[in-house]
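Structure first, then comments.
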Amino acid sequence: MNDFEIHTGMVAKERVLPRTSYRAELNWLLAVLPGFPLLLLVLRLWYLSRQDLPTMLLLVQYINPLGMVGALFITLSWTVPAAILLVRVLGGILLVSVPGRTATSFLAVAALRMPGWVVVIAAGIAAFTWQLRMLPLLMLLIVAILGLTAVQGEPGDKWVMWWLTLGVPILVGVLVWIFVWPGVVAAVRAGDYGMAVLLAAPPLFGPILTGPVPQRWARVATHWPAVVAAFAMPFMVGVAFLRAPVLPDTAVEVATEGEPVRVVRGQLIAVDDTSTTMLEPTGQVTFIRNGEVESKTLCPQAVDTPDSGLTVRGWPVEAPALEWIAPTRPVTEIDPRCLGRPLERGTAGG
């Protein structure tokens, strides 16, 4: 097999000893990757059914796959830009640190072949979907990619290179510090030192990540973080997705002859010609005859209480920008049916 060479600016990467298993590993990755979303969907139904197989089969029969895919997409919206930016930074560091043998590295090849517009789109999506406490890390990744791209390219004016690799990271770091400093102070006063480090530490590493690292440490400094992230991300995604709602939370007022009116709370599975099928919080499936349904209403999703309660200039640190700018449905009064109480007679039903 002939040696193969890839170029970017002044940096040339030559595969001195071709790895015959490289393409096989890539084929395995491409084969396994599509199965991960399917596994998440199956686990979500298994979790929702409380590990009861008949209930799971019922959910499979009635749940619209598009709804589950939508929930999966919303849950995973932050992971795709995270993976793209992380691969671009780690691969870029490897490209400029060990320019002679990086063609055998998946990280280096992926970073070299990644178009710039993909990085720009990923950064834009991350800016809207990442929580505020993660935005300093996002700025760190962006300035690192900018500096590494300048180092990989054709050599330019020395002062321009200094500006891109040192000036821009330092300037951006100072601006980030100015913005997040009230949150850092509040986190320290509240004893949340982890949050303070998460807000204040990333700007310190901006100038460090824009250049090469010693060759003997290059693969350790790039491959091990990538391996840790590759193993940790599926677990983080799985935990988040298992909590994502895939069925509407509903309250149904039931009037059975000879019995007082009662309210069934749960998730609505299906409505057919004869009955309304509900999944109660205990995992029990309840079939309600349509003739006994007095009224029903959608219950708003409970708003998660922030773990820290900290804010940066009035913005919660655990809320993404998309939640600040997107319109929300105001809930001024809670429907009594959502609290398990029937409507007062004379009140219009839903």
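Take 101 as the starting number for the sequence shown in the numbering used here and just add one per residue. Beta carbons: idealized from backbone N, C-alpha and C, even for Gly.
Inset, instruction - Determine the extent of the beta strand (DSSP E) in which T322 is found, giving its start and end residues. - result: Against the sequence shown, residue 322 aligns to sequence position 222. Looking at the DSSP string, T322 is not in any beta strand (DSSP E); the run it does join, the alpha helix (DSSP H), is Q315 to L342.
Legend entry - 8 Å Cβ shell around R319 - same chain, five flanking residues per side excluded: Counting from one through the sequence shown, the residue named residue 319 turns up at place 219. Within the same chain, R319 has close Cβ partners L194, V198 and S205.
Inset, instruction - Please list the segments of the alpha helix (DSSP H) lying wholly inside the segment 135–170, counting only runs of 4 or more residues, in order along the chain. - result: 135–148 and 153–162
Inset, instruction - Could you round the C-beta distance between A222 and I184 to whole angstroms and report it? I think they count as a contact, below 8 Å. - result: Translated into positions along the sequence shown, residue 222 becomes position 122. Translated into positions along the sequence shown, residue 184 becomes position 84. Right, the Cβ-Cβ distance comes to about 4 Å (below 8 Å), so this counts as a contact.
Inset, instruction - With DSSP as the reference, label L194 as helix, strand or coil. - result: As a first step, residue 194 must be located in the sequence shown, where it is residue number 94. It is helical.
Legend entry - Cβ-heavy atom distance, S205 to the ligand GDP, below 7 Å: No copy of the ligand GDP appears in this structure; indeed no ligand is present at all.
Inset, instruction - Taking the CB atoms as reference points, tell me whether V187 and A171 lie closer together than 8 Å. - result: As a working mapping, residue 187 is identified with position 87 in the sequence shown. As a working mapping, residue 171 is identified with position 71 in the sequence shown. No.
Legend entry - Supposed contact pair V268 and V251 - C-beta distance, whole angstroms, cut 8 Å: For the purposes of this step, residue 251 is identified with residue 151 of the sequence shown, where counting begins at 1. For the purposes of this step, residue 268 is identified with residue 168 of the sequence shown, where counting begins at 1. No, V251 and V268 are not in contact; Cβ-Cβ is about 13 Å, not under 8 Å.
Legend entry - A421 to V284 span [Cα, whole Å]: Taking the first residue of the sequence shown as position 1, residue 421 is located at position 321. Taking the first residue of the sequence shown as position 1, residue 284 is located at position 184. Each residue's Cα considered, the two are about 19 Å apart.
Legend entry - 8 Å contact criterion, which A301 and A287 should meet: CB distance rounded: For the purposes of this step, residue 301 is taken as residue 201 along the sequence shown, with counting starting at 1. For the purposes of this step, residue 287 is taken as residue 187 along the sequence shown, with counting starting at 1. With a Cβ gap of about 12 Å, A301 and A287 do not count as contacting.
Legend entry - Helix, strand or coil at P181 according to DSSP, with G and I counted as helix: Your numbering for residue 181 matches position 81 in the sequence shown. Three-state DSSP puts P181 in a helix.
Legend entry - Chain-order list of residues whose beta-carbon lies under 6 Å from that of G224 (same chain, five-residue window excluded): Sequence index remark: in the sequence shown, residue 224 carries index 124 (1-based). Same-chain partners within the cutoff: there are none.
Legend entry - Short Cβ contact (8 Å threshold) for V280 with P236: As a position in the sequence shown, residue 280 is number 180, starting the count at 1. As a position in the sequence shown, residue 236 is number 136, starting the count at 1. Contact: yes.
Legend entry - Close-in-space but distant-in-sequence residues of the same chain around P314 (CB under 8 Å, 5 per side omitted): Position 214 of the sequence shown, counted from the first residue, corresponds to residue 314. Excluding positions up to five away in sequence, the list reads S197.
Inset, instruction - Check the DSSP bridge columns for I278 and list the partner residues they point to. - result: The residue you call residue 278 lines up with position 178 of the sequence shown. I278 pairs with nothing; no bridge assigned.
Inset, instruction - In the DSSP assignment, find the beta strand (DSSP E) that holds Q367 and state where it starts and stops. - result: Position 267 of the sequence shown, counted from the first residue, corresponds to residue 367. Residues R362 to V371.
Inset, instruction - Please confirm whether E392 and A351 have their CB atoms less than 8 Å apart. - result: Taking the first residue of the sequence shown as 1, we reach residue 392 at position 292. Taking the first residue of the sequence shown as 1, we reach residue 351 at position 251. Against a cut-off of 8 Å, the Cβ pair of A351 and E392 comes out as no contact.
Inset, instruction - Using the DSSP secondary-structure output, state which residues sit across from V393 in a beta bridge. - result: Against the sequence shown, residue 393 aligns to sequence position 293. In the DSSP assignment, V393 is bridged to V354.
Legend entry - Short Cβ contact (8 Å threshold) for R144 with E418: Start at 1 with the first residue of the sequence shown, and residue 144 comes out as number 44. Start at 1 with the first residue of the sequence shown, and residue 418 comes out as number 318. It is not a contact, given that the beta carbons lie outside the stated cut-off.
Legend entry - Residue of G338, P282, E380 and T155 minimising C-alpha distance to I174: Translated into positions along the sequence shown, residue 174 becomes position 74. Residue G338 is the option with its Cα nearest to I174.
Inset, instruction - Report yes or no: do the segment 175–182 and the segment 371–378 share at least 3 C-beta pairs separated by less than 8 Å? - result: no
Inset, instruction - Please classify L186: does DSSP put it in a helix, a strand, or coil? - result: In the sequence shown, residue 186 corresponds to position 86, counting from 1. Three-state DSSP puts L186 in a helix.
Inset, instruction - Look at the alpha carbon of D292 and the alpha carbon of D349, and state the distance between them as a whole number of angstroms. - result: The sequence position of residue 292 within the sequence shown is 192, counting from 1. The sequence position of residue 349 within the sequence shown is 249, counting from 1. For D292 and D349, the distance between alpha carbons rounds to 34 Å.
Inset, instruction - Have a look at the DSSP bridge pairing and note the partners of T382. - result: Indexing the sequence shown from 1 puts residue 382 at position 282. Answer is none; T382 lacks a bridge partner.
Legend entry - Straight-line Cα distance separating Y162 from A370: Position 270 of the sequence shown, counted from the first residue, corresponds to residue 370. Position 62 of the sequence shown, counted from the first residue, corresponds to residue 162. Going by the C-alpha atoms only, they are around 6 Å apart.
Inset, instruction - State the Cα-Cα distance for the pair F331 and L166, rounded to the nearest angstrom. - result: Position 231 of the sequence shown, counted from the start, is the residue given in the question as residue 331. Position 66 of the sequence shown, counted from the start, is the residue given in the question as residue 166. The alpha-carbon atoms of F331 and L166 are separated by roughly 28 Å.
Inset, instruction - Could you tell me whether the Cβ atoms of G247 and T310 are closer together than 8 Å? - result: Translated into positions along the sequence shown, residue 247 becomes position 147. Translated into positions along the sequence shown, residue 310 becomes position 210. Going by C-beta atoms, G247 is nearer than 8 Å to T310.
Legend entry - DSSP three-state assignment for V272, whether helix, strand or coil: Locating residue 272 in the sequence shown gives position 172, counting from the first residue. It is helical.
Inset, instruction - Leaving out five residues on either side along the sequence, give the residues of the same chain with a beta carbon under 8 Å from the beta carbon of A326. - result: On the sequence shown, position 226 is the one that residue 326 refers to. These residues qualify, in order along the chain: L186, V187, L190 and L207.
Inset, instruction - May I have the straight-line CA-CA distance separating A290 from L299, to the nearest angstrom? - result: As a working mapping, residue 290 is identified with position 190 in the sequence shown. As a working mapping, residue 299 is identified with position 199 in the sequence shown. Taking the straight line from one Cα to the other gives about 14 Å.
Legend entry - Identity of the residues DSSP links to F173 by a beta bridge: The sequence position of residue 173 within the sequence shown is 73, counting from 1. Beta-bridge partners of F173 (DSSP): none assigned.
Legend entry - L443 to E359 span [Cα, whole Å]: Working through the sequence shown from its first residue, we reach residue 443 at position 343. Working through the sequence shown from its first residue, we reach residue 359 at position 259. Note on geometry: alpha-carbon atoms of L443 and E359 lie some 15 Å from one another.
Inset, instruction - Mind checking who Q252 pairs with in its DSSP beta bridge? - result: As a working note, residue 252 is residue 152 in the sequence shown. For Q252, which the question treats as bridged, DSSP gives no partner whatsoever.
Legend entry - Cβ-Cβ distance between E380 and E353 below 8 Å: Within the sequence shown, residue 380 is the residue found at index 280, counting from 1. Within the sequence shown, residue 353 is the residue found at index 253, counting from 1. It is not a contact, given that the beta carbons lie outside the stated cut-off.
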